[in-house]
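Novice: All letters in the sequence shown, in the order written, are residues -28 to -1, 1 to 92 by mature numbering (1 follows the signal peptide of the UniProt record, and there is no 0). No residue lacks a Cβ here, since even glycine has one placed at the ideal position from N, Cα and C.
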Amino acid sequence: MATLRSTIPKLGAILFVILILFLQDSKAAISCNDVTKDLTPCVSYLVSGSGKPPSACCDGAKALSSAATTSADKKAACQCIKSAASNVNYNAKLAEDLPSNCGITLPFSISAGIDCSKIN
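1) Can you look up Tyr17 in the DSSP assignment and give me helix, strand or coil?
2) Within 10 angstroms of its Cβ, does Ile91 collect 16 or more other Cβ (buried), or is it exposed?
3) Using a Cβ-Cβ cutoff of less than 6 Å, which residues in the same chain neighbour Ser16 once the five nearest sequence positions on both sides are dropped?
4) Mark Lys87 as exposed unless 16 or more other C-beta atoms lie within 10 angstroms of its C-beta, in which case mark it buried.
5) Closer than 6 Å by C-beta to Cys30: which residues in its own chain qualify, once you throw out the five before and the five after it? Chain order, please.
6) If you draw a straight line from the alpha carbon of Leu11 to that of Lys34, how long is it in whole angstroms?
7) Below 9 Å between beta carbons: does that hold for Ile2 and Ala40?
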């Protein structure tokens, strides 16, 4: 149970990298708590799911996508996700496919090697 609780915030952060990268510029208002709150419903799916993500996961992903309106927000969220992702064994293909499976279009591909500093 403790492992799952520590995994949830970490995986939630992964998804937000996907969502934040396509928004805009200014000072970060997004916190790691914001990221994990909305993406917690995606954790079990990213670790051991298949097919389409749960609707709660997509709802959270869409909410975070809408909330990250500046480059600073996107970079901050990206850093949260990268940090969390480094400690979790998630399915990279499910993470990569999450945007399209949730009806979100991103102008980049999702990758564990993404350079958060290059996000605009």
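Specialist: Straight from the coordinates:
1) Taking the first residue of the sequence shown as 1, we reach residue 17 at position 45. Reduced to three states, the DSSP call for Tyr17 is helix.
2) On the sequence shown, residue 91 is found 119 positions in, with the first residue counted as 1. The residue is buried, with at least 16 neighbouring Cβ atoms inside 10 Å.
3) The sequence position of residue 16 within the sequence shown is 44, counting from 1. Taking Ser16 as the centre and dropping the five residues before and after it, the same chain places no C-beta closer than 6 Å to its C-beta.
4) Here residue 87 is taken as the residue at index 115 of the sequence shown, counted from 1. First, the amino acid is wrong: residue 87 is Asp here, not Lys. So Asp87 ends up on the exposed side.
5) Sequence index remark: in the sequence shown, residue 30 carries index 58 (1-based). Answer for Cys30: Cys74, listed in chain order.
6) Here residue 11 refers to the residue found at position 39 when the sequence shown is read from its first residue. Here residue 34 refers to the residue found at position 62 when the sequence shown is read from its first residue. Straight-line spacing of the CA atoms in Leu11 and Lys34 works out to 10 Å.
7) Taking the first residue of the sequence shown as 1, we reach residue 2 at position 30. Taking the first residue of the sequence shown as 1, we reach residue 40 at position 68. Yes, these two residues count as a Cβ contact at 9 Å.
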